[in-house]
Structures are given as structure tokens and as C-alpha cells.
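Quick note, the sequence shown lines up with residues 129 to 247 if you use our numbering. Take a look at the structure below.
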Amino acid sequence: MSGSQALAIAADLLVVLGLLVTTLGVAGMYRMPDVYTELHAASKAVFLGIVAFLLASLATFDGTIMARAALITIFLVLTTPVGAHAIARAAYQRREPMATPGALDESGCGLAPSESSDP
129 MSGSQALAIA ADLLVVLGLL VTTLGVAGMY RMPDVYTELH AASKAVFLGI
179 VAFLLASLAT FDGTIMARAA LITIFLVLTT PVGAHAIARA AYQRREPMAT
229 PGALDESGCG LAPSESSDP
């Protein structure tokens, strides 16, 4: 197996990994019970899935593509946590309840389900 074939296989594996992580993130958003846990699934899918795609694009050895992939990765590293924080803050200000079993509400606002309501 030549080096270019190994590189092509590695790029293909990174694309498959990106697809898998992104698909699991979407499924996680669908399955999670509240906005706070949905944010966790969404931010992981965006960051890890898209970065795997961008790493696969490095196999082209084209300078402009590699520079764009690096800039997109930096942009995602900086904006994904900020966006998730903004959405979580908006949900908190709207008093969106926590529906996750065993959720711990450290804010003291009564967002988590009470222990007495469990059957």
C-alpha cells in the first residue's frame, strides 16, 4: 500500500467518523429531554463531527483548502461554546425546566424536577 492510498483511507475514515458523530449528535438532540442536555449533544456534534470532516480535507495537500479548514476549525473552537452559552442563558432566563432525571439545579430557581414528584 502506497502512502497516497494510506492517506486516502485515513481521509475516508475521518469522513465516516464525522458522519457517525454528527448523526449521533442529531439523534442525541432528538432523544434528550430538555434544552440543557440537547445543547450538550448539539455542541459535540458540531465541533467533533465537523472537525473530523475538516481534518479529512487536509488530505488534499492544497494550501488554500488547508488554510480554510484551519480557519473554520478556529472559528468553531471560538463560537461553539459561546453559542451554547447564549442558548443556555436564554433558556435559563425563560425558566425552561430541567427534565433530566436526577438533574441538579444549582441556581436555586426550581428548574429541576422535585424529588417528591418521582413515583
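Just so you know, even glycine gets a beta-carbon here, dropped at the ideal spot from N, CA and C. None of the values given here were measured: they were computed from a predicted structure.
Cα-Cα separation, I193 to V149: 22 Å
From L183, D190, E224 and L239, residue whose alpha carbon lies closest to that of D140: L183
Spatially closest choice to A231 from R223, P241 and E224, by CA coordinates: Comparing C-alpha distances from A231 to each of R223, P241 and E224 shows the shortest one belongs to P241.
Option nearest G156 by Cα separation, candidates I137, V174 and V143: V174
Span separating the alpha-carbon of A227 from that of G153: 19 Å
Nearest-angstrom Cβ-Cβ length linking L145 and A180, presumed shorter than 8 Å: 5 Å
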